[in-house]
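Reading through the structure tokens given below for one structure.
Number of protein chains: 2
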Amino acid sequence: MVQTPKRLTRQQSAVAEALRSGEDFTSAQDLHARLRSSGNPIGLATVYRTLQTLAGDGDVDVLRTDDGESVYRHCSTGHHHHLVCRACGKTVEVEGPMVEKWADKISAQNGFRDVRHTLEIIGTCSECPA
Amino acid sequence: MVQTPKRLTRQQSAVAEALRSGEDFTSAQDLHARLRSSGNPIGLATVYRTLQTLAGDGDVDVLRTDDGESVYRHCSTGHHHHLVCRACGKTVEVEGPMVEKWADKISAQNGFRDVRHTLEIIGTCSECPA
DNA sequence: AGTGGTTTTGACAATCATTCTCACTCGGGC
DNA sequence: GCCCGAGTGAGAATGATTGTCAAAACCACT
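Pasting the structure below:
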């Protein structure tokens, strides 16, 4: 198995940087538009590719909005979940050790292996009107 | 506000029935194909519309597969979560009262209102190879 | 059973995020 | 500086979902 060389390109840095500086979840399309308008020529396909790679490496979190769009966010720390405001998009990272344990227990009880889980909580934050 | 009459059509029954008889999550496309091939003429758009309605009424559960396809499943009982086999699609419904409480608590602590959450656990079940 | 007014349907076009294609470019080891 | 394969990008392709709108079906009323 030959390990593929990992080149460091301007585009990849740009995407990673843009994600790192953003607070909230961002769609690939948005990211592309933002990079473009900030004088950073980059192809849409490249944005998608880079995001996939980053997500695969666990450097960013991915989740799907209700309308089927994938959104990305830079996430440094280990496993955690998200509390998202449906109005303004504000995101709070939360941890729930008991949830992890519960999921593991349930899985074991049903004979499931290699288990992963996703948990998202969406609501309206205190700064947004009803 | 005049309440729109709810007509009972052959197509709607067919979709509801097909969902009720199915065990696992099914995509709209699959459902459409299955209805068609079982001698039940129905339009794709109608399948989507009906599924949306059913989902809105809380008669079916919706979730998104990793590749962005919406899948539907008939779910009788109240709020619960799913343990899904990534290989064969087998689905186990599970409840987690403590998870609900945890989610509520976290939300309250962060000042969120009108909170909903989604939790899916995926793994490989005991009957599927690694 | 017939009629009318409205909802629902369905074939097809349109949309839209994402992926594919493939010729071209550039990073970096020599 | 040279080379070559990984990386890029413009546009086409894909594929699920939604919109359109004339035609069909439903139901209340006679």
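Top line first, the protein sequences correspond to chains H and Y. Following the numbering used here, the numbering of the first sequence begins with 1 at its first residue and continues without gaps. Following the numbering used here, the numbering of the second sequence begins with 131 at its first residue and continues without gaps. Don't be surprised by glycine CBs; every beta carbon is placed ideally from N, CA and C. Since this is a predicted model, take the numbers as computed values, not measurements.
Proximity test, Cβ basis, 8 Å: residue i and chain H
i: residue 177/Y; result: no
i: residue 254/Y; result: yes
i: residue 223/Y; result: no
i: residue 213/Y; result: yes
i: residue 190/Y; result: no
i: residue 230/Y; result: no
i: residue 226/Y; result: yes
i: residue 233/Y; result: yes
i: residue 198/Y; result: yes
i: residue 150/Y; result: no
Other residues of its chain near residue i: CB distance less than 7 Å, five sequence neighbours each side excluded
i: residue 93/H; result: 80, 82
i: residue 65/H; result: 71
Inter-residue CB distance, residue i and residue j (contact presumed, cutoff 8 Å)
i: residue 78/H; j: residue 232/Y; result: With 8 Å as the limit, residue 78/H and residue 232/Y do not qualify as a contact, their Cβ atoms being about 18 Å apart.
i: residue 198/Y; j: residue 68/H; result: 5 Å
i: residue 203/Y; j: residue 165/Y; result: Contact flag wrong, Cβ pair sits at about 16 Å.
i: residue 107/H; j: residue 251/Y; result: 6 Å
Beta-carbon gap between residue i and residue j smaller than 8 Å
i: residue 106/Y; j: residue 119/H; result: There is simply no residue 106/Y to check, as chain Y begins at 131 and stops at 260 in what is shown.
i: residue 134/H; j: residue 28/H; result: Past the boundaries of the shown model lies residue 134/H; chain H is included only from 1 to 130, so the question cannot be answered.
i: residue 155/Y; j: residue 123/H; result: no
i: residue 109/H; j: residue 50/H; result: no
i: residue 214/Y; j: residue 99/H; result: no
Chain Y within 8 Å of residue i, Cβ atoms only
i: residue 116/H; result: yes
i: residue 7/H; result: no
i: residue 73/H; result: no
i: residue 25/H; result: no
i: residue 55/H; result: no
i: residue 78/H; result: no
i: residue 119/H; result: yes
i: residue 111/H; result: yes
i: residue 36/H; result: no
i: residue 107/H; result: yes
Same chain, Cβ closer than 6 Å to residue i, five either side skipped, listed in chain order
i: residue 115/H; result: 107
i: residue 87/H; result: 124, 128
Cβ neighbours of residue i in the same chain (closer than 8 Å, five flanking residues each side left out)
i: residue 42/H; result: 11, 14, 15, 32, 35, 36
i: residue 190/Y; result: 149, 181, 184, 202, 203, 204, 205
i: residue 91/H; result: 23, 24, 25, 73, 82, 83, 84, 85
Going along the chain, which unbroken runs of the alpha helix (DSSP H) with 4 or more residues stay wholly within the region 81-118 of chain H? Residue ranges of uninterrupted alpha helix (DSSP H) with 4 or more members, entirely inside the region 81-118 of chain H and ordered along the chain, are 97-109.
To test your reading of the DSSP string, which unbroken alpha helix (DSSP H) runs of 4 or more residues are found completely within the region 26-51 of chain H? Runs found: 28-37.
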